[in-house]
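Residue numbers (the working numbering): 3 to 131. In this text, a Cβ means the ideal position worked out from N, Cα and C, and glycines have one as well. First up is the structure itself, then whatever we jot down about it.
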């Protein structure tokens, strides 16, 4: 019959060093996953921020009943700080067809992003300059 001391020495158990290494590897993996999650949340937040659009300007112009040839400029006020727009309107034909060229300039960091759009609008009640 084996004594209790012999039975204990036959058992294999984890040493304190092995447990500490396993815990360190586990926490390193958890930190890496949390960093990925926080990075994705920052990117999702950046994509959700509203930005000025030439389509918004085109929709506003489409609601107007008359157009005048010329160039207009402006900004978006407190809605989009630092962003500006330009509208160039020319008579495209003699029958009231106007071409409206829209440009939106938006500062992002040190760069300025420029968006352009051209639309044709039929406004027979408008007068040419």
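Among 119, 22, 91, 93, which has the Cα closest to the Cα of residue 58? Comparing Cα positions, the closest option is 119.
Which same chain residues end up closer than 7 Å to residue 107 when comparing Cβ atoms and leaving out the 5 residues on each side of it in sequence? Result list for residue 107: 85, 86, 114, 116, in chain order.
Between 19, 81, 69, 110, which lies nearest to residue 99 when the distance is taken from Cα to Cα? With distances taken between Cα atoms, residue 99 lies closest to 69.
For residue 51, which of helix, strand or coil comes out of DSSP? Three-state result, residue 51: coil.
Kindly provide the ranges of any beta strand (DSSP E) runs that are 3 or more residues long and lie completely inside the stretch 66 to 97, ordered along the chain. 72 to 77, 86 to 93, all fully within the stretch 66 to 97.
Output needed for residue 61: all residues of its chain with C-beta closer than 8 Å, excluding positions within five of it in sequence on either side, in chain order. Counting only residues of its own chain and dropping the five nearest sequence neighbours on each side, residue 61 has no CB closer than 8 Å to any other CB.
Looking at residue 56: is its Cβ nearer than 8 Å to the Cβ of residue 93? Not in contact: residue 56 and residue 93 (Cβ atoms no closer than 8 Å).
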